[in-house]
Every structure is written in C-alpha cells, then in structure tokens.
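Heads up: the sequence shown begins at 0 in numbering that gives the first Met the number 0, then just goes up one per residue.
Here's the structure we're looking at; comments come further down.
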Amino acid sequence: MIQHQIEQKLRTELSPSYLKVLNESYMHNVPEGSESHFKVIVVSDEFEGKRLLARHRIINAILADELANHIHALAIHTYTEEEWQALATEQVPQSPNCMGGSKG
C-alpha cells in the first residue's frame, strides 16, 4: 500500500522515464510484511540542472506525508536521462546492511 502510494505520487509529480520503488524492509529488524524502508530510483527531466540536494528536496516534498507517518528510511537515487544512460545498466548503489538490531 505505501509502496503503491510512493510510486503513484512520484509518477504524477515527476513523469519519470524510469521509476523503481523497492521495499527494503525485509533487510531490517521489522515485522514481516512491513513497509518502512524504501529505495527509490527516479529518472526525470525535472532533475536537469539541479544539484543532488535539490533533487532530494523535491522527492522529500512529494513524499512528505509518507516520510512523516509511515517511512522510517528512504534511499534516494535521482538521475537525469543523460546520467541514467551514462550508467549503461540499471546498477545503482546497494543499500547498506541494517545496523539497527538483530536480524538473527
């Protein structure tokens, strides 16, 4: 449900050429089925000429309600179309291992 909200809001606001929203909650010490840790990969013309901080502020503003009420952690990867093409693959940085408790 939260994942769908994130996808819908980002599609509506940014008209991305590529969007991937990954629920990474399973990697953390949270109950099974949680939607609290996400990674978003967004490729949009809206990021053209903007620095990384400005891009993150755009995402944070779009997802303000989710961040305030549902999301514990959000990894943000933003690209212009040119930057995305330069990657040559859909490789983005891996999320770090959970440091907030036992996953045993």
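A virtual CB, placed ideally from N, CA and C, is assigned to each residue, including glycine.
Taking all protein chains shown into account, do 16 or more other C-beta atoms lie within 10 angstroms of the C-beta of residue i, making it buried, or fewer, making it exposed?
| i | result |
| --- | --- |
| Tyr17 | exposed |
| Gln7 | exposed |
| Arg140 | The structure shown does not extend to residue 140, since the chain spans only 0 to 103, so no value can be given for it. |
| Arg50 | exposed |
If you reduce the DSSP assignment to three classes, tell me which class residue i lands in.
| i | result |
| --- | --- |
| Thr77 | strand |
| Ile104 | Any property of residue 104 remains undetermined from this structure, which presents the chain solely from 0 to 103. |
| Lys49 | coil |
| Leu18 | strand |
| Lys8 | helix |
May I ask whether a heavy atom of the ligand FAD can be found less than 7 Å away from the beta carbon of residue i?
| i | result |
| --- | --- |
| Asp64 | Among the ligands in the structure shown, none appear at all, so the ligand FAD cannot be discussed. |
Identify the continuous alpha helix (DSSP H) that holds residue i and give its terminal residues.
| i | result |
| --- | --- |
| Glu65 | 63-68 |
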